[in-house]
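*Asks:* The structure under discussion is supplied below as structure tokens; questions concerning it will follow.
Number of protein chains: 2
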Amino acid sequence: MSRLVMKFGGTSVADLERIARVGRLVAAEVAAGHQVAVVVSAMAGQTNQLVAWTDGAGTAAEGLTPSDDDYDVVVASGEQVTAGLLSMTLRHMGIKARSWMGWQVPLLTDDAHGRARIDEIPPANLEAAFAAGEVAVIAGFQGVTRDGRIATLGRGGSDTSAVAIAAAIGGACDIYTDVDGVYTTDPRIEKKARRLAKISYEEMLEMASLGAKVLQTRSVELAMAKKVPLRVLSSFVEPGEAPGQGTIVCDEEEIVEKRIVSGVAYSRDEAKITLFGLPDHPGVSSKIFSRLADANVNVDMIVQSRARATDAANMEFTVGKRDAGRTIEIMRAAQADIGFEDVALNEDVAKVSVIGVGMRSHAGVAKTMFGALAEKGVNIQVISTSEIKISVLIDAAYTELAVRALHAAYGLDQL
Amino acid sequence: MSRLVMKFGGTSVADLERIARVGRLVAAEVAAGHQVAVVVSAMAGQTNQLVAWTDGAGTAAEGLTPSDDDYDVVVASGEQVTAGLLSMTLRHMGIKARSWMGWQVPLLTDDAHGRARIDEIPPANLEAAFAAGEVAVIAGFQGVTRDGRIATLGRGGSDTSAVAIAAAIGGACDIYTDVDGVYTTDPRIEKKARRLAKISYEEMLEMASLGAKVLQTRSVELAMAKKVPLRVLSSFVEPGEAPGQGTIVCDEEEIVEKRIVSGVAYSRDEAKITLFGLPDHPGVSSKIFSRLADANVNVDMIVQSRARATDAANMEFTVGKRDAGRTIEIMRAAQADIGFEDVALNEDVAKVSVIGVGMRSHAGVAKTMFGALAEKGVNIQVISTSEIKISVLIDAAYTELAVRALHAAYGLDQL
Chain G
151 MSRLVMKFGG TSVADLERIA RVGRLVAAEV AAGHQVAVVV SAMAGQTNQL VAWTDGAGTA
211 AEGLTPSDDD YDVVVASGEQ VTAGLLSMTL RHMGIKARSW MGWQVPLLTD DAHGRARIDE
271 IPPANLEAAF AAGEVAVIAG FQGVTRDGRI ATLGRGGSDT SAVAIAAAIG GACDIYTDVD
331 GVYTTDPRIE KKARRLAKIS YEEMLEMASL GAKVLQTRSV ELAMAKKVPL RVLSSFVEPG
391 EAPGQGTIVC DEEEIVEKRI VSGVAYSRDE AKITLFGLPD HPGVSSKIFS RLADANVNVD
451 MIVQSRARAT DAANMEFTVG KRDAGRTIEI MRAAQADIGF EDVALNEDVA KVSVIGVGMR
511 SHAGVAKTMF GALAEKGVNI QVISTSEIKI SVLIDAAYTE LAVRALHAAY GLDQL
Chain L
151 MSRLVMKFGG TSVADLERIA RVGRLVAAEV AAGHQVAVVV SAMAGQTNQL VAWTDGAGTA
211 AEGLTPSDDD YDVVVASGEQ VTAGLLSMTL RHMGIKARSW MGWQVPLLTD DAHGRARIDE
271 IPPANLEAAF AAGEVAVIAG FQGVTRDGRI ATLGRGGSDT SAVAIAAAIG GACDIYTDVD
331 GVYTTDPRIE KKARRLAKIS YEEMLEMASL GAKVLQTRSV ELAMAKKVPL RVLSSFVEPG
391 EAPGQGTIVC DEEEIVEKRI VSGVAYSRDE AKITLFGLPD HPGVSSKIFS RLADANVNVD
451 MIVQSRARAT DAANMEFTVG KRDAGRTIEI MRAAQADIGF EDVALNEDVA KVSVIGVGMR
511 SHAGVAKTMF GALAEKGVNI QVISTSEIKI SVLIDAAYTE LAVRALHAAY GLDQL
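Residue numbers (this note's numbering), protein chains in the order written: chain G, 151 to 565; chain L, 151 to 565.
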């Protein structure tokens, strides 16, 4: 008897009607002979309401410290509600079920409240539930610390819960969402975007990090590390209708026909900082980035440039838009010490990326990219690359144009 | 160092502003040197929303069975939210605090989900919190069964939580609500109603059972059994303002000047059932009431009457309005077996009661009651009495008139 973890996000459980639809999807898997654990998010909108309340009570979601354990008590309540409601819905349909909170499973975490990491999931309780023929309906996004306090895993943590549970019980993991799979790019921008039948963990990881919002980065990392077979599919199916094939996320080896480029991702969440007139001696970069690291600012793309050997150097880097103001303050405070002449902020930028494991063995990917962008008159501000992706920072106004040009340039509309 | 449990109901924690007000009241007791545990209800309206969702998911609040454990998972989430929010509010004020869910304290209950009873509260965890100088902010209304499932105590259960915790830690219990004490009658009906400085447990118990909604009946029973000093007072005080004296609920012996009648209560929650033409042989009453008991229908007042010795007997009794339809069905189904001629339902009735421990030693209380009602032309349909109360069932239209007449007749406006 095979085991399956089904995960449903907030829009899939947004109201009782949708919870009933989820019930039917679960019933179909039970009927197919699976032992099923279901992981649910809070009803869409609930977590935002709860977070707003904690803000009002003096504990902002940003800047949580380990002592902000009560924050997690409040925000974890949303998943508790949906787990209870789905379990009773299943029982009402005649399916044996019960709800499980993080502390009941238990999902043991560290005590980094608000962004806890899962340490361990002892499988004994879930094993007993399966042995009793029960569907385990598990509140996502939450666990419990070793000293018995509720801990949440951070935004999107329900995906991570689902993958970790699948790893613990030795099952596959189906992530149900409001789209029917992973696409070559955002279909809202490019109508010719195609659903990918398969994508490798590495590619999915880059897609998630680079702006595709289908899966949480941490959950993909975990699935890759634990070799959990992952599938993305839509919960928005009518009664009697099957949910379709979705997209399978798997090892690169399992993908027979490797594409050079699998997808085009974009993100408008970054801001560009430029430091002008940096002094020309060692240790300058270290000073800049250690100050940002100390303040927990994540830096993404970095470029250092010098027009002529005799010129002072300029440094450009990107940070998350919400850290932009703070970054400027930190730089200004350190101006005398670092010794740059001026600092500028540009929030009007977008990062567009092409991703594909095939890049490893194919030259010319960058050439195609830069050529396609040049042809449309898109100016590239910063470039960064990894083994399987190339990202460029461009003027935000050109985002859609660039995405469409790249989608066509790599033939993604002809999959 | 004395210990104090402060309990705040749903209207007292209805929004962040009120939670801040609660924070100031707690801070004042901490400053006065008390070790404080706070018990909170869900924000006003939240529990109704949660119960509505469970209804929609197929588990109605009425008719819960022990297997409806998921119902409790959903409805207990409301108190979880307020406990977390109040704890962070206190911390924000510089007071050491943490939230406690029922399963963390733990409040161990039986497994009668939806109306669980508290078995035991091991005090060790709360003792440790006090030793660490922390305010314990406890989610009311909820506990945990021996096998680790969330259980709720039923409507108004937060009062019971508070009293049980006070008993477990050896403290007094202050119940904060939206009125500043227990009144001689409902001030919305009789403007001359006075706040009682003290009331005995027995009287409070009758008042609560007979319609005064200030305290939950079970919590008063428990306070009486465990000799927990109880006080009712208002949370609606402005910054810097003290909450007033409220009403102390205590042993009869502690009340020096005993009144004959302490209060007038009323309830419109009952319906009257009349069975006409009952056969004149033994066992008829037993047949009627055992059928109702089997169906979990609570019967309150009962009167059997016969105009002349040769007439068939009539039986009148009252049940809760929400059980009225079911009662009629049960009676109709049993008509042949019981042998009555007809059954009638009257939902247009009210029960008005006078309560006072002084009745035990004073004659003439009933005479005053019946005289006052007769003078206003109020017809009495059913009478029932106990050692310390007299209740009459009247036409609902006369409720306010009867309450005012009785309030005056016993001189309650001149306390």
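All C-beta atoms, glycine included, are put in the ideal place defined by N, C-alpha and C. Treat the numbers as computed from the prediction; the structure is a model and nothing was measured.
1) Take the Cβ of G/E404 as the centre, count every other Cβ of all protein chains shown within 10 Å, and call the residue buried at 16 or more, exposed below.
2) Can you confirm whether the segment 416-435 of chain G touches the segment 378-394 of chain G when touching is taken to mean that 3 or more C-beta pairs between the two stretches lie within less than 8 Å?
3) Can you give me, in chain order, the residues of the segment 283-316 of chain L that have a beta carbon less than 7 Å from any beta carbon in chain G?
4) To which residues of the same chain is L/A494 closer than 6 Å at the C-beta, ignoring the five residues directly before and after it?
5) Excluding the five sequence neighbours on either side, which residues of its own chain have a C-beta within less than 6 Å of the C-beta of G/L346, listed in chain order?
6) Could you give the distance in angstroms between the alpha-carbon of G/L303 and the alpha-carbon of G/C323?
7) Confirm, please, whether the CB-CB distance from L/A421 to L/N496 is below 8 Å.
8) Please compile the residues from chain G whose C-beta is within a distance smaller than 7 Å of the C-beta of L/G208.
9) Where does the unbroken alpha helix (DSSP H) through G/M519 begin, and where does it stop?
10) In chain G, which residues lie with their C-beta within 9 Å of the C-beta of L/A279?
11) Taking the alpha-carbon positions, what's the G/A207 to G/Q199 distance?
12) At a CB-CB cut-off below 7 Å, which residues of chain L make contact with G/A192?
13) In terms of alpha-carbon separation, which member of G/D487, G/V190, G/G283 and G/A474 lies closest to G/L236?
14) Write down every uninterrupted run of the beta strand (DSSP E) in the segment 242-316 of chain L whose length is 3 residues or greater and which is fully enclosed by it, in chain order.
15) To be precise: take each residue of the segment 255-277 of chain G, compare its Cβ to all Cβ atoms of chain L, and keep it if any distance is under 7 Å. Which residues remain?
16) Shortest alpha-carbon distance to L/A522 belongs to which of L/E537, L/T259, L/V542 and L/I538?
17) Could you tell me the distance, in whole angstroms, from the CA atom of L/R265 to the CA atom of G/S412?
18) Run through DSSP, which three-state label would L/E371 get?
19) In whole angstroms, what is the alpha-carbon distance linking G/P379 and L/G252?
20) What separation, rounded to the nearest whole angstrom, lies between the Cα atoms of G/V166 and G/E466?
21) Taking buried to mean at least 16 other C-beta atoms within 10 Å of its own C-beta, is L/V287 buried or exposed?
22) Short of 8 Å in beta carbon distance, which residues of its chain neighbour G/M151, apart from the five on each side in sequence? Order them along the chain.
23) So L/L214 contacts chain G; which residues on that side make the cut at Cβ distance below 8 Å?
24) Is there a Cβ from chain L that is less than 8 Å from the Cβ of G/R248?
25) Give, in chain order, every residue of the segment 499-532 of chain L whose Cβ lies closer than 8 Å to some Cβ of chain G.
26) Assuming L/V231 and L/A202 form a contact by the criterion Cβ under 8 Å, report the distance between their Cβ atoms to the nearest whole angstrom.
27) Distance check for L/V504 and L/I119, CA to CA, integer angstroms please.
28) Counting Cβ pairs, one atom from each stretch, are 3 or more of them under 8 Å apart for the segment 532-542 of chain G and the segment 501-515 of chain G?
29) List the residues of chain L that G/T204 touches, going by C-beta distances under 8 Å, in chain order.
30) Mapping DSSP to helix, strand and coil, what is G/Y560?
31) Taking the alpha-carbon positions, what's the G/E550 to G/A187 distance?
32) Less than 8 Å between CB atoms is the rule here; does G/L200 satisfy it with respect to chain L?
33) Any contact between the segment 247-262 of chain L and the segment 298-315 of chain L? By contact I mean 3 or more CB pairs, one from each, below 8 Å.
34) Got a sec, what are the start and stop residues for the beta strand (DSSP E) L/S350 sits in?
35) Use the C-beta contact count for G/L448: other C-beta atoms within 10 angstroms, 16 or more gives buried, fewer gives exposed.
36) Can you tell me whether G/R381 is helix, strand or coil according to DSSP?
*Replies:* Put simply:
1) exposed
2) no
3) G298
4) T424
5) V332 and T397
6) 18 Å
7) yes
8) M238, T239 and H242
9) V515 to E525
10) Simply none; closest approach about 13 Å.
11) 13 Å
12) Under the 7 Å cutoff, chain L gives no residues; its nearest Cβ is about 10 Å from G/A192.
13) G/V190
14) 247-250, 268-270, 285-289, 292-295 and 300-302
15) none
16) L/V542
17) 56 Å
18) helix
19) 38 Å
20) Before going further, note that residue 166 of chain G is Leu rather than Val in the sequence given. Approximately 49 Å between the Cα atoms of the pair.
21) buried
22) G183, H184 and Q185
23) Simply none; closest approach about 11 Å.
24) yes
25) none
26) Actually they do not touch by this definition, with Cβ atoms about 17 Å apart.
27) There is no way to answer for residue 119 of chain L, as the model of chain L reaches only from 151 to 565.
28) yes
29) G234, L235 and M238
30) coil
31) 39 Å
32) yes
33) yes
34) K348 to S350
35) Correcting the residue type first, residue 448 of chain G is Asn in the shown sequence and not Leu. Exposed.
36) strand
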